[in-house]
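First up is the structure itself, then whatever we jot down about it.
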Amino acid sequence: MAKLLLACFLCLLLLWTVPSGFQTSSDATLLPTASGRHLLQGSIAPLVNPALQNAFIALQAWKNAITSDPLGITATWVGPNVCQYRGVFCSPPPDKSCQLVVSGIDLNHALLTGTLPEELGLLTYLALFHINTNFFSGPIPYSFKNLFLLFELDISNNRFSGDFPAVVLGLPSLAYLDIRFNGYRGILPPAIFDKQSLDAIFVNNNYFACYIPANLGNSPVSVVNFANNQFDGTIPGSIGNMFKTLNEINFLNNELSGCIPPQVGALTLLNVFDASFNLLGGTLPDTIANMISLVDLDVADNLLTGVVPAGICDLPNLVNFTFSDNFFTSESPDCLRLPSRGAIVDDRGNCIPNVPFQRPPQQCAAFLSQPTTCYPKYIAPDPYGSWAPIDRSPLPQSYPAPPPPVAPPPSYY
Ligand SMILES: *[C@@H]1O[C@H](CO)[C@@H](O)[C@H](O)[C@H]1NC(C)=O
Numbered sequence: 000m001a002k003l004l005l006a007c008f009l010c011l012l013l014l015w016t017v018p019s020g021f022q023t024s025s026d027a028t029l030l031p032t033a034s035g036r037h038l039l040q041g042s043i044a045p046l047v048n049p050a051l052q053n054a055f056i057a058l059q060a061w062k063n064a065i066t067s068d069p070l071g072i073t074a075t076w077v078g079p080n081v082c083q084y085r086g087v088f089c090s091p092p093p094d095k096s097c098q099l100v101v102s103g104i105d106l107n108h109a110l111l112t113g114t115l116p117e118e119l120g121l122l123t124y125l126a127l128f129h130i131n132t133n134f135f136s137g138p139i140p141y142s143f144k145n146l147f148l149l150f151e152l153d154i155s156n157n158r159f160s161g162d163f164p165a166v167v168l169g170l171p172s173l174a175y176l177d178i179r180f181n182g183y184r185g186i187l188p189p190a191i192f193d194k195q196s197l198d199a200i201f202v203n204n205n206y207f208a209c210y211i212p213a214n215l216g217n218s219p220v221s222v223v224n225f226a227n228n229q230f231d232g233t234i235p236g237s238i239g240n241m242f243k244t245l246n247e248i249n250f251l252n253n254e255l256s257g258c259i260p261p262q263v264g265a266l267t268l269l270n271v272f273d274a275s276f277n278l279l280g281g282t283l284p285d286t287i288a289n290m291i292s293l294v295d296l297d298v299a300d301n302l303l304t305g306v307v308p309a310g311i312c313d314l315p316n317l318v319n320f321t322f323s324d325n326f327f328t329s330e331s332p333d334c335l336r337l338p339s340r341g342a343i344v345d346d347r348g349n350c351i352p353n354v355p356f357q358r359p360p361q362q363c364a365a366f367l368s369q370p371t372t373c374y375p376k377y378i379a380p381d382p383y384g385s386w387a388p389i390d391r392s393p394l395p396q397s398y399p400a401p402p403p404p405v406a407p408p409p410s411y412y
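Position 235 (the sequence shown) corresponds to 234 in numbering that gives the first Met the number 0; numbering is contiguous.
Right under this line is the structure:
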């Protein structure tokens, strides 16, 4: 998180160093050339450098690719002084040249519809590209590979779809990758976790599927969010290798199965671990008791069983421990004392004797009569709803055994 904060600070610094004295001359004119590009001509010429001329070409191409602009933002995208366009920010490039370049695009919440044209790759010095909450669709231009300074890419909450935009993996400076709330599907390329420039990965709320790549632990990020996708398979054991950097990880609402790997215990900087609404089985690893920075621990709505160990409930920074809607059979008295320490604990919907709001005994008996295994399930929970939380389903009279694993998922690696 510290790295992220530093990153944000650097960005603000960058944006606020936009000089206000950059003047344009009103008699500057734009002449279309035979190639369809535009040249800047007139008394502006001595002030405009090649980078800004390229930016002009890029931004005019983008304006043409925008089909709806209800807030009238691109109406300000007129004339050669691109540094005064709304949403466009200029500053000197890092080589301390006295020329201005376009260093940031911030069009968050602009409600624009359209696509990203290849010409955007002409914004060679771009450090920030923020277009969250618009209606952009189509590919991320291949020419983005030229954006060697791009540090933050936020295209979240748009209408992008198709495969993971692999071009972003070639950006040497990329630290913040946010593609959440789009329509991306398919596999997550393993290269995303080998990319050492990244500090934050947000791929949540898409339709990604298949395994979370096993090399997860190679990633130096402080934050990663996989929530609300269709990932299956297990949580990679390599997660323990992220102990030097990881502050938050979120697996919420996927189809992950198998057991929580004991290697998570190495994550002593982790504040937030959310693996709720999956198909995780087995018991909670005792090693979680080593995760001394944990503040929020959420494993609700899984198929976990056994004892909730004292060591977890004794974690010094724990504020919210949710393990509702599993099949735990007992919890340490230390967990029952968590509320007196001001922490929230949600133990409802389990199989713990003498604790209120537990599952009906028949439901517990049926589940607990089956052997637990860390072998991943490749199938969704059974269609009879017998594992549904107690307050959301009527109690079935009998419980069919879960069907055996069907075809294994296709192997991509
Ligand atoms: C505790 O965590 C649960 C699950 O993540 C969440 O729904 C709830 O709002 C949290 N409670 C507080 C007070 O933060």
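For each residue, glycine too, the CB sits at the ideal point set by N, CA and C.
CB contact flag (residue i, residue j, <7 Å)
{"i": "residue 126", "j": "residue 148", "result": "yes"}
{"i": "residue 57", "j": "residue 152", "result": "no"}
{"i": "residue 428", "j": "residue 110", "result": "For residue 428 there is no data in the structure shown, the boundaries of the chain being 0 and 412."}
{"i": "residue 319", "j": "residue 346", "result": "no"}
{"i": "residue 157", "j": "residue 181", "result": "yes"}
{"i": "residue 306", "j": "residue 329", "result": "yes"}
{"i": "residue 288", "j": "residue 317", "result": "no"}
{"i": "residue 75", "j": "residue 62", "result": "no"}
{"i": "residue 113", "j": "residue 65", "result": "yes"}
{"i": "residue 270", "j": "residue 240", "result": "no"}
{"i": "residue 131", "j": "residue 155", "result": "yes"}
{"i": "residue 413", "j": "residue 192", "result": "Outside the modelled stretch of the chain, which goes from 0 to 412, sits residue 413, for which no answer is possible."}
{"i": "residue 267", "j": "residue 238", "result": "no"}
{"i": "residue 199", "j": "residue 235", "result": "no"}
{"i": "residue 86", "j": "residue 105", "result": "yes"}
Chain-order list of residues whose beta-carbon lies under 8 Å from that of residue i (same chain, five-residue window excluded)
{"i": "residue 100", "result": "48, 50, 51, 54, 89, 90, 91, 92, 123 and 124"}
{"i": "residue 333", "result": "309, 312 and 313"}
{"i": "residue 144", "result": "120, 166, 169 and 170"}
{"i": "residue 258", "result": "233, 279, 280, 281, 282, 284 and 373"}
{"i": "residue 276", "result": "251, 252, 253, 299, 300 and 301"}
{"i": "residue 208", "result": "184, 185, 186, 228, 229, 230 and 231"}
{"i": "residue 196", "result": "170, 171, 172, 173 and 174"}
{"i": "residue 315", "result": "291"}
Own chain residues within Cβ distance below 6 Å of residue i, not counting five before or after
{"i": "residue 162", "result": "185"}
{"i": "residue 224", "result": "201, 203 and 249"}
{"i": "residue 325", "result": "301, 303 and 349"}
{"i": "residue 117", "result": "140 and 142"}
{"i": "residue 244", "result": "219 and 221"}
{"i": "residue 274", "result": "250 and 298"}
{"i": "residue 210", "result": "232"}
DSSP-derived helix/strand/coil call for residue i
{"i": "residue 248", "result": "strand"}
{"i": "residue 20", "result": "With a pLDDT of 32 at residue 20, under the threshold of 50, the modelled position of this residue cannot be trusted, and the question is left open."}
{"i": "residue 330", "result": "strand"}
{"i": "residue 75", "result": "helix"}
{"i": "residue 354", "result": "coil"}
{"i": "residue 42", "result": "Bear in mind that a pLDDT of 40 at residue 42, under 50, signals an unreliable position, so the number given afterwards is only what the model happens to contain. Coil."}
{"i": "residue 36", "result": "Residue placement at residue 36 cannot be trusted, given a pLDDT of 40 that sits under 50; what the coordinates show is reported in the next sentence. Here residue 36 sits in coil by DSSP."}
{"i": "residue 200", "result": "strand"}
{"i": "residue 55", "result": "helix"}
{"i": "residue 232", "result": "coil"}
{"i": "residue 67", "result": "strand"}
{"i": "residue 47", "result": "coil"}
{"i": "residue 88", "result": "strand"}
{"i": "residue 366", "result": "helix"}
{"i": "residue 103", "result": "strand"}
{"i": "residue 348", "result": "coil"}
{"i": "residue 209", "result": "strand"}
{"i": "residue 115", "result": "coil"}
{"i": "residue 220", "result": "coil"}
Residue i Cβ short of 6 Å to ligand 2 heavy atom set
{"i": "residue 297", "result": "In the structure on display, ligand 2 does not appear, and the ligands it does have are ligand 1."}
CB contact check: residue i to chain D, cutoff 7 Å
{"i": "residue 207", "result": "This model lacks chain D altogether, as it is built from one protein chain only."}
Close Cβ partners of residue i (< 7 Å) along its chain, the five nearest in sequence each way excluded
{"i": "residue 363", "result": "326 and 350"}
{"i": "residue 354", "result": "346"}
{"i": "residue 358", "result": "348, 349, 350 and 389"}
{"i": "residue 188", "result": "163, 165 and 168"}
| field | Length-filtered (4 minimum) alpha helix (DSSP H) runs lying within the stretch 137-195 | value | With a minimum length of 4 residues, the continuous alpha helix (DSSP H) runs that stay inside the stretch 137-195 are 190-193.
| Taking a cut-off of 7 Å, which residues have a beta-carbon closer than that to any heavy atom of ligand 1, in chain order? | 273, 275, 295, 297, 299, 319, 321, 343 and 345
| task | List in chain order: all unbroken beta strand (DSSP E) runs of 3+ residues lying wholly within the stretch 279-337. | result | Complete beta strand (DSSP E) runs here, min 3: 295-297, 304-307, 319-321 and 326-330.
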